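Student: I have a structure here, written as structure tokens, and I will follow up with some questions on it.
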Amino acid sequence: MGSKQSSIFKSSENEVTKIPRFFNLYQSGNYIVSKSAKEDANFSLAIEGYQQGYLLQCYDNGHMNKFDVSVLLSRKLDKKYQNGFNIKTNNKLPQLLLIKKDEIIGITFTENGERKFKAHLTEKLPTKDNLSIQGYKVIYNKIFTDVQYNLIPVSSYDDIKRVTLKSFGADGKKLDNKYYEKEWKILERLKTNSNQEN
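Using this note's numbering, the first residue of the sequence shown is number 366, and each one after it goes up by one.
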């Protein structure tokens with residue numbers, strides 16, 4: 366469940382109001398935007414602090430959809446909408462990540478029994494206004510499993526630029542490759558710091 370927070374929307378030129386908003390997603394593909402978290406939803410994310418940001422739908426099949434949160438905020442409250450994720454080619458809910466601005470997305474996966482990692486700037490992903498598409502292909506390896514997505518602050522780019530790849534078709538780097546030992550240590554530290562904040 367997302368944490369409850371409030372955000373400021375201008376309802377007129379002189380009036381500013383705080384209105385909480387939650388994106389509630391169900392396994393059926395239905396979703397509801399509401400003022401509070403829905404207890405029966407599979408995911409319930411506080412979205413009002415992300416007016417200028419994006420919802421990243423991260424799929425196990427190596428695709429990502431970057432969706433403009435402002436579109437969700439324009440939805441009617443408590444109305445049930447369909448097609449909240451790409452249910453046709455993905456039989457399970459995607460991992461959902463919210464970003465206030467473009468960041469770095471870290472992708473870890475297993476290929477032939479070896480863990481690999483690569484990162485990409487989210488600004489390279491095209492922004493879509495449709496939740497039901499599977500999005501952009503970010504892993505081109507033929508056979509892979511155990512995909513994990515995590516956010517990395519864009520301020521860390523210089524520290525991990527050797528594993529932040531320009532092409533989505535580029536293969537990941539093996540996590541036991543000592544040539545990237547410095548990057549692995551930095552990523553581990555960032556992960557530890559992130560876990561302590563949550």
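Where is the CB? At the ideal position from N, CA and C, for every residue including glycine.
Keep in mind the model is a prediction, meaning the values are calculated, not measured.
Buried or exposed for Gln499, please, with buried defined as at least 16 other CB atoms from any protein chain shown within 10 angstroms of its CB.
Tutor: Gln499 should be labelled buried.
Student: Along the beta strand (DSSP E) that carries Val519, what are the first and last residues, could you check?
Tutor: It is not in any beta strand (DSSP E) - Val519 carries neither H nor E in the DSSP assignment.
Student: For the segment 453-466 against the segment 523-531, do three or more pairs of beta-carbon atoms, one drawn from each stretch, fall closer than 8 Å, so that the two count as touching?
Tutor: no
Student: Quick one: what does DSSP say Gly367 is sitting in, helix, strand or coil?
Tutor: Reliability of the predicted coordinates at Gly367 is poor, the pLDDT of 42 falling under 50, and the value obtained from them is presented with this limitation in mind. Three-state DSSP puts Gly367 in coil, outside helix and strand.
Student: Given this structure, state the Cα-to-Cα distance separating His485 from Pro385, to the nearest angstrom.
Tutor: 31 Å
Student: Would you tell me roughly how many angstroms separate the C-alpha atoms of Gly394 and Lys457, rounded to the nearest one?
Tutor: 10 Å
Student: What number of angstroms, rounded off, separates the C-alpha of Lys400 from the C-alpha of Leu540?
Tutor: Pairing Lys400 with Leu540, the inter-Cα distance amounts to about 42 Å.
Student: Can you tell me which residues form a DSSP beta bridge with Glu476?
Tutor: Glu479
Student: Keeping to the same chain, check which residues put their C-beta closer than 7 Å to that of Val503; ignore five residues upstream and five downstream.
Tutor: Gly427, His428, Met429, Ile472, His485 and Phe533
Student: So if DSSP puts Leu438 in a beta bridge, which residue, or which two residues, is it bridged to?
Tutor: In the DSSP output, where bridge partners are listed per residue, Leu438 has none listed.
Student: Give the secondary structure of Leu462 by DSSP, where H, G and I count as helix, E and B as strand, and everything else as coil.
Tutor: strand
Student: Rounded C-beta distance between Phe450 and Gln422? I'm assuming under 8 Å.
Tutor: 6 Å
Student: Considering only residues of the same chain and omitting the five flanking positions on each side of Phe408, which have a CB-CB separation below 6 Å?
Tutor: If we look at Phe408 and ignore the five residues flanking it on each side, its Cβ neighbours are Leu390 and Leu461.
Student: Under 9 Å between the Cβ atoms of Lys501 and Leu490?
Tutor: For the sequence presented, residue 501 should be read as Tyr rather than Lys. The Cβ atoms of Tyr501 and Leu490 lie closer than 9 Å to each other.
Student: Can you check whether the CB of Phe482 is closer than 9 Å to the CB of Asp511?
Tutor: No, the pair does not count as a contact, with Cβ atoms beyond the cut-off.
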